[in-house]
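Here numbering that gives the first Met the number 0 is used: the first residue of the sequence shown is 0, the next is one more, and so on. Beta carbons are placed, not taken as given, at the ideal position from N, Cα and C, and that holds for glycine. Here the structure is a predicted model, which is why all the values come from computation and not from measurement.
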Amino acid sequence: MKRAAITFALITMLTTGCGALRDDVEPQEDDALSAQIKQVNRPGGERRLKDMAPGDWDTVHIFGEYDSRDEIEKTVGTKVDMGDSIESTYHLLFFMENGKLIRAVKTRPSNLMPGTYGADLVLKGRPVPGSTVLDLVSP
Numbered sequence: 000m001k002r003a004a005i006t007f008a009l010i011t012m013l014t015t016g017c018g019a020l021r022d023d024v025e026p027q028e029d030d031a032l033s034a035q036i037k038q039v040n041r042p043g044g045e046r047r048l049k050d051m052a053p054g055d056w057d058t059v060h061i062f063g064e065y066d067s068r069d070e071i072e073k074t075v076g077t078k079v080d081m082g083d084s085i086e087s088t089y090h091l092l093f094f095m096e097n098g099k100l101i102r103a104v105k106t107r108p109s110n111l112m113p114g115t116y117g118a119d120l121v122l123k124g125r126p127v128p129g130s131t132v133l134d135l136v137s138p
């Protein structure tokens, strides 16, 4: 009897609140990609995102500060394991192939322009007084 109660409690936790059996995508911290983006963020820096994040993706959705989970889920077509909105310290990148999500990552710092881009996306560092801005250019 005690074993049945424990088993029921574990199954209930797993299927309701703990997320272990849910289909939510949890973006993974990508320190290597973050480091590469930081290297481009200098005057004259330039690099294709595809070279920094190789794979079969053809589209990337970039979300930033204040973008809501609802908006993100609607755009990428799947549930996302995150808070109600994005904090100002990071971006979420969702790499897609033919409309299907193949990879979701979190990068820091939050220096990318949110939007939807193709696989030809180039990051370019542009000097501004006292700083550098990253321009995202799809040729």
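How would you label residue i, buried or exposed, when you count the other beta carbons within 10 angstroms and need 16 or more for buried?
| i | result |
| --- | --- |
| I101 | exposed |
| N97 | exposed |
| M51 | buried |
Give the secondary structure of residue i by DSSP, where H, G and I count as helix, E and B as strand, and everything else as coil.
| i | result |
| --- | --- |
| L133 | strand |
| I61 | strand |
At the level of alpha carbons, what is the spacing between residue i and residue j?
| i | j | result |
| --- | --- | --- |
| K99 | V75 | 8 Å |
| Q27 | V104 | 5 Å |
| A118 | G129 | 31 Å |
| G82 | R68 | 7 Å |
| T106 | D66 | 15 Å |
Need the endpoints of the beta strand (DSSP E) that residue i sits in, please.
| i | result |
| --- | --- |
| M95 | 90-96 |
| K78 | Looking at the DSSP string, K78 is not in any beta strand (DSSP E), and its letter there is neither H nor E. |
| A103 | 99-106 |
Can you confirm whether the stretch 59-73 touches the stretch 29-37 when touching is taken to mean that 3 or more C-beta pairs between the two stretches lie within less than 8 Å?
As far as the Cβ criterion goes, the stretch 29-37 does not touch the stretch 59-73, which means the pair count is below three.
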